[in-house]
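S.K.: Please see the structure below; I have some questions.
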Amino acid sequence: MRHIAMPANDFALYGAAPRFEKPIPVGQLYFPSFEKYERSMQGIFERQYFNNNGPLLIELERQLREFFHVRHVICVSNATLGLMMLADALQLRGKVITPSFTFIASAQSISQAGLTPVFCDVNIENHHIDIPSLERVIDKDVCAIMGVNLWGGTCDPTAIEQFALQHGLEVYFDSAQALGCRVENKPVGGFGRAEVFSFHATKILTSAEGGCICTNDDEIADRLCGTRPSYGVTTIQPVRRVANARMSEAQAAVALLSLEDFPSNLQNNKSIFEAYQNGLQNIPGLSMLSPVNVSHSNHQYVVCRIDSEIFGLSRDMLVDILRAENILARRYFYPGAHKSTPYFNKSYGTLNNTEILCDTCFQLPIGALISTDSAKRIADLIHDIHRSSSELRAKHKVSQ
Ligand SMILES: *Cc1c(COP(=O)(O)O)cnc(C)c1O
9 MRHIAMPAND FALYGAAPRF EKPIPVGQLY FPSFEKYERS MQGIFERQYF NNNGPLLIEL
69 ERQLREFFHV RHVICVSNAT LGLMMLADAL QLRGKVITPS FTFIASAQSI SQAGLTPVFC
129 DVNIENHHID IPSLERVIDK DVCAIMGVNL WGGTCDPTAI EQFALQHGLE VYFDSAQALG
189 CRVENKPVGG FGRAEVFSFH ATKILTSAEG GCICTNDDEI ADRLCGTRPS YGVTTIQPVR
249 RVANARMSEA QAAVALLSLE DFPSNLQNNK SIFEAYQNGL QNIPGLSMLS PVNVSHSNHQ
309 YVVCRIDSEI FGLSRDMLVD ILRAENILAR RYFYPGAHKS TPYFNKSYGT LNNTEILCDT
369 CFQLPIGALI STDSAKRIAD LIHDIHRSSS ELRAKHKVSQ
């Protein structure tokens, strides 16, 4: 870290060698040990059984029920399909309220299930559902709220459940990012009617591709098993359609090993998160989000916000500069679900906070591919960028 401004040419965007040798994606990308994976695959080949409630899937679902403290865990081929299946299993009709500040597939799962998403705003400080904004968008056609838990924090599940109870609405959660988080020590997974998790490679627990649905409701669980479809139901329930969203034995093998590694991966995330917290202090115009509403976070993402007037550069310029240095910072969620296909040409009420966050947030790498030392070096780099912001701004103007 320098204490004086550096010329723009000292940054990779303007010709210098990148500070980081290899591109570092935002995360999580934890891989289990190859030896253990080989042994699991060997078992699959010996049993000659690829999918349909195989022994590894049955064991995974048993372990996950314990992990989440819930009666039922139904593993599926990814979280988006899980959300679609769940909307079907809840037998919803009409409109579902959800924040626009989310991954586009989570909003689209509502449309894919034949329902209409209604976008509510989020709280500017904590990025999660703003309860007063639910009041603004509710009407007689709304049948449910899909809460979204982001970054390693959560929305306020109790407040949302209370609101839903008052208005006779169903509640379920897109908890794709929230595996391992706890609210007042209660594991995320047991809130609302059901919660959906992602085991995508970028999430803290992975099956390479996959996800699961948690519920304490026996009937919903049987409908979900019928939709997946596969064996494992205790009562046959009529379902709207099948989804062919099974989890294979190969995916279950990766997930079981990933679950075994979860405590150490979480510890690693914690250390990296703390290194960022220390390193990113006292940068004018930059704030790093601390996990909200949780007693335990999984530190799924490192999220920062830029006040471009004070920092000296726009969020987009900072992201471009970082990416040139091989730090593959992301702009989640840009431009916001309400401005994406297929929703952009419809009008929604005021989503002021969502708009602001979509324009000012970015994510930094955390997970398997970085160390506390590289987190510190990334923080130093951002200090340098801030100190050199007028040089970088001038260069940017010339190159436009
Ligand atoms: C990752 C993610 C999803 C989608 O998960 P897939 O398993 O890739 O379908 C949905 N919602 C949110 C908030 C996510 O972060």
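Plus 8 on top of the position in the sequence shown (first one is 1) and you've got the numbering used here.
Where a beta carbon is used, it is the ideal one built from N, C-alpha and C, also for glycine.
Keep in mind that this is a model prediction, so the values were computed, not measured.
1) Do you know offhand how far GLN185's Cα is from GLU203's?
2) Going by the C-beta, is THR235 closer than 7 Å to any heavy atom of ligand 1?
3) Have a look at the DSSP bridge pairing and note the partners of GLY155.
4) For the alpha helix (DSSP H) holding MET325, just list the boundary residues, first then last.
5) What are the partner residues of GLY161, as DSSP defines its beta bridges?
6) If you check the beta carbons only, do LEU158 and TYR284 fall under 8 Å apart?
7) Looking only at C-alpha atoms, which of ILE137, SER322, GLU227 sits nearest to SER398?
8) Looking at C-alpha atoms only, which residue of ARG385, GLY160, ASN224 is the closest neighbour of ARG27?
9) Nearest-angstrom Cα distance between ILE390 and ARG401?
10) Anyone know if the C-beta pair for PHE341 and THR110 falls short of 8 Å?
11) If you run the structure through DSSP and keep just helix, strand and coil, what is MET296?
12) To the nearest angstrom, report how far apart ASN286 and VAL145 are at their CA atoms.
13) Look up PRO203 in the DSSP assignment and give the residues it is bridged to.
14) Pop quiz: PRO107 and PHE127 are said to be a contact at Cβ under 8 Å. What is the actual Cβ separation, rounded to whole angstroms?
15) Could you tell me which of HIS77, THR210, LEU187, PRO33 sits nearest to LEU336, measuring between CA atoms?
16) For the beta strand (DSSP E) holding ILE280, just list the boundary residues, first then last.
17) For a test of the three-state rule: what should DSSP assign to LEU389, helix, strand or coil?
18) For LYS30 and PHE53, what's the separation of their Cα atoms in angstroms?
19) Using DSSP with H/G/I as helix, E/B as strand and the rest coil, what is PHE58?
20) In the DSSP assignment, the beta strand (DSSP E) including PRO245 goes from what residue to what residue?
21) Give the residues whose C-beta lies closer than 6 Å to at least one heavy atom of ligand 1, in chain order.
22) Give me the Cβ distance between CYS83 and GLU69, rounded to the nearest whole Å; I'm assuming they're in contact under 8 Å.
23) Let me know if PRO40 comes out buried or exposed under the rule of 16 or more other beta-carbons within 10 Å of its beta-carbon.
24) Quick one: what's VAL104 bridged to in DSSP?
25) Which word fits SER407, buried or exposed, when buried means at least 16 other C-beta atoms lie within 10 angstroms of its C-beta?
26) Excluding sequence positions up to five away, which residues of its chain have a Cβ less than 7 Å from the Cβ of ILE338?
M.R.: In short, the structure shows the following:
1) Here residue 185 refers to the residue found at position 177 when the sequence shown is read from its first residue. Here residue 203 refers to the residue found at position 195 when the sequence shown is read from its first residue. Going from the Cα of GLN185 to the Cα of GLU203 covers about 11 Å.
2) Here residue 235 is taken as the residue at index 227 of the sequence shown, counted from 1. Not under cutoff, so the answer is no.
3) Reading the sequence shown from its first residue, position 147 is the one you call residue 155. PHE181, per the DSSP bridge assignment.
4) One-based indexing of the sequence shown puts residue 325 at position 317. Its alpha helix (DSSP H) spans residues 323-332.
5) Taking the first residue of the sequence shown as 1, we reach residue 161 at position 153. DSSP output for GLY161 lists TRP159 as bridge partner(s).
6) Reading the sequence shown from its first residue, position 150 is the one you call residue 158. Reading the sequence shown from its first residue, position 276 is the one you call residue 284. Going by C-beta atoms, LEU158 is not nearer than 8 Å to TYR284.
7) For the purposes of this step, residue 398 is taken as residue 390 along the sequence shown, with counting starting at 1. For SER398, the nearest C-alpha among the options comes from SER322.
8) Along the sequence shown, one-based indexing puts residue 27 at 19. Ranking the options by Cα distance to ARG27, first place goes to ARG385.
9) Walking along the sequence shown from the start, residue 390 turns up at place 382. Walking along the sequence shown from the start, residue 401 turns up at place 393. Their backbone Cα atoms lie some 15 Å apart in a straight line.
10) For this step, residue 341 is matched to residue 333 along the sequence shown. For this step, residue 110 is matched to residue 102 along the sequence shown. Yes, they are a contact pair.
11) For the purposes of this step, residue 296 is taken as residue 288 along the sequence shown, with counting starting at 1. Assigned with DSSP and collapsed to three states, MET296 falls in strand.
12) One-based indexing of the sequence shown puts residue 286 at position 278. One-based indexing of the sequence shown puts residue 145 at position 137. Those two C-alpha atoms are separated by around 40 Å.
13) Counting from 1 along the sequence shown, the entry for residue 203 is found at position 195. Looking at the sequence provided, one finds Glu at residue 203 rather than Pro. Paired residue(s): PHE181, CYS222.
14) The residue you call residue 107 lines up with position 99 of the sequence shown. The residue you call residue 127 lines up with position 119 of the sequence shown. 7 Å between Cβ atoms; contact.
15) Within the sequence shown, residue 336 is the residue found at index 328, counting from 1. Of the listed residues, the one whose Cα sits closest to LEU336 is PRO33.
16) Along the sequence shown, read from residue 1 onward, the residue named residue 280 stands at position 272. Note, ILE280: premise wrong, no beta strand (DSSP E); alpha helix (DSSP H) at 257-287.
17) Position 381 of the sequence shown holds residue 389. DSSP places LEU389 in helix when its eight states are reduced to three.
18) By 1-based counting over the sequence shown, the position of residue 30 is 22. By 1-based counting over the sequence shown, the position of residue 53 is 45. Separation of LYS30 and PHE53 (C-alpha to C-alpha, rounded to the nearest whole angstrom) is 36 Å.
19) Taking the first residue of the sequence shown as 1, we reach residue 58 at position 50. Reduced to three states, the DSSP call for PHE58 is coil.
20) Along the sequence shown, one-based indexing puts residue 245 at 237. Going by the sequence as given, residue 245 is Gln instead of Pro. Careful: GLN245 lies outside any beta strand (DSSP E) and carries neither H nor E.
21) The set of residues with any CB-heavy atom separation to ligand 1 below 6 Å comprises, in chain order, ASN86, ALA87, THR88, THR110, PHE111, ALA113, SER114, VAL156, ASP182, ALA184, GLN185, SER206, HIS208, GLY219.
22) Sequence index remark: in the sequence shown, residue 83 carries index 75 (1-based). Sequence index remark: in the sequence shown, residue 69 carries index 61 (1-based). The pair is a contact, with the Cβ atoms about 6 Å apart (cut-off 8 Å).
23) Translated into positions along the sequence shown, residue 40 becomes position 32. When all chains shown are included, PRO40 counts as buried.
24) Counting from 1 along the sequence shown, the entry for residue 104 is found at position 96. Note: VAL104 sits in a beta bridge opposite PRO125, ALA152.
25) The residue given as residue 407 occupies position 399 in the sequence shown. By the neighbour-count rule (16 or more Cβ atoms within 10 Å), SER407 is not buried but exposed.
26) As a working note, residue 338 is residue 330 in the sequence shown. Inspection of the sequence shows that residue 338 is occupied by Arg rather than by Ile. VAL34, PHE370, GLN371, listed in sequence order.
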